[in-house]
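Student:
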Amino acid sequence: MHPGNFFDDIHLGDERLTPRVTVTEGHVLAYAGVAGDFSPIHMDEIYAKTTTFGGRVAHGLMGLSLTDGLKVQSGFFHDGVALGWSWNFRAPIRIGDTLQARFRIADRRASKSRPTMGILVIAIALINQHGETVQDGEHRLMVPCKPQQE
């Protein structure tokens, strides 16, 4: 049996904090390799110091990817299937930042096309060690209902 809650056990307004992750040089290098984004704002400290950020910053989409991973690590959802994201980039993520996601169930409904599944709208904020929201938005996630007992 996989960990996490079935749709039936998840309620409107439920909130959770995820585990934390500290962003490292390795994260930035690995993400650049996967995404193919070797922009100097991410890779070249001398160049990055001349920008509005005053130094290197992590890829914005890496923050979204880390958020999704933290959501999975929370163990709250049983076998979730991502349906979509609406996401905002509020502040830079820097190497050395420690991030944690806070999520809240903003809406829930039964799936019309898959009667054994439910759809959740999850409001998520990605927060750094200073309590600042660096990214936020909503995630639509489909999760299974409890199996019917025979």
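If you read the sequence shown in my numbering, its first letter stands for residue 79, the second for the next number, and so on. Cβ coordinates follow ideal geometry from the N, Cα and C atoms, glycine included. This one's a predicted model, so the numbers in the text were calculated from it and none came from an experiment.
#1: Are there 16 or more other CB atoms within 10 angstroms of the CB of Ala108, so buried, or fewer, so exposed?
#2: In chain order, what residues of the same chain have a beta carbon less than 6 Å from the beta carbon of Asp86, not counting five sequence neighbours either side?
#3: Between Thr130 and the rest of its own chain, which residues show a CB-CB distance below 8 Å, the 5 nearest in sequence each way excluded?
#4: How would you call Lys149, buried or exposed, if buried means at least 16 neighbouring beta carbons within 10 angstroms?
#5: Below 8 Å CB to CB, which residues in the same chain sit around Gly133 once its five sequence neighbours on both sides are set aside?
#6: Met79 by DSSP, collapsed to three states: which one?
#7: Among Ile88, Thr100, His217 and Ala113, which one has its Cα closest to the Cα of Asn166?
#8: Under DSSP, the alpha helix (DSSP H) around Ala126 begins and ends at which residues?
#9: Identify, in the order they occur along the chain, each residue of the same chain with its Cβ nearer than 7 Å to the Cβ of Gly111, setting aside the five sequence neighbours on each side.
#10: Can you tell me which of the three DSSP states Leu144 falls into?
#11: The alpha helix (DSSP H) spanning Val229 covers which residue range?
Tutor: Well, looking at it:
#1: Mapped onto the sequence shown, residue 108 falls at position 30. So Ala108 ends up on the exposed side.
#2: Position 8 of the sequence shown, counted from the first residue, corresponds to residue 86. For Asp86, the CB contacts under 6 Å within the same chain, skipping 5 residues up- and downstream, are Cys223 and Lys224 in chain order.
#3: Numbered from its first residue, the sequence shown carries residue 130 at position 52. Cβ within range, chain order: n/a, list empty.
#4: Start at 1 with the first residue of the sequence shown, and residue 149 comes out as number 71. It counts as buried.
#5: For this step, residue 133 is matched to residue 55 along the sequence shown. Cβ contact annotation for Gly133 (same chain, cutoff 8 Å, sequence separation greater than five): Glu123, Ala126, Lys127 and Arg172, in chain order.
#6: Stepping through the sequence shown from its first residue, residue 79 is reached at position 1. With a pLDDT of 49 at Met79, under the threshold of 50, the predicted position of this residue should be treated as unreliable, and no value is reported.
#7: Locating residue 166 in the sequence shown gives position 88, where the first residue counts as 1. With respect to the C-alpha of Asn166, the residue from Ile88, Thr100, His217 and Ala113 having the closest C-alpha is His217.
#8: Indexing the sequence shown from 1 puts residue 126 at position 48. Per DSSP, Ala126 belongs to the alpha helix (DSSP H) from Glu123 to Ala126.
#9: Here residue 111 corresponds to residue number 33 of the sequence shown, with the count starting at 1. Scanning its chain for C-beta atoms nearer than 7 Å, with the 5 sequence neighbours on each side dropped, one finds no residue around Gly111.
#10: On the sequence shown, position 66 is the one that residue 144 refers to. Per DSSP, reduced to three states, the secondary structure at Leu144 is helical.
#11: Since the displayed the chain opens at 79 and closes at 228, residue 229 lies outside it and no answer follows.
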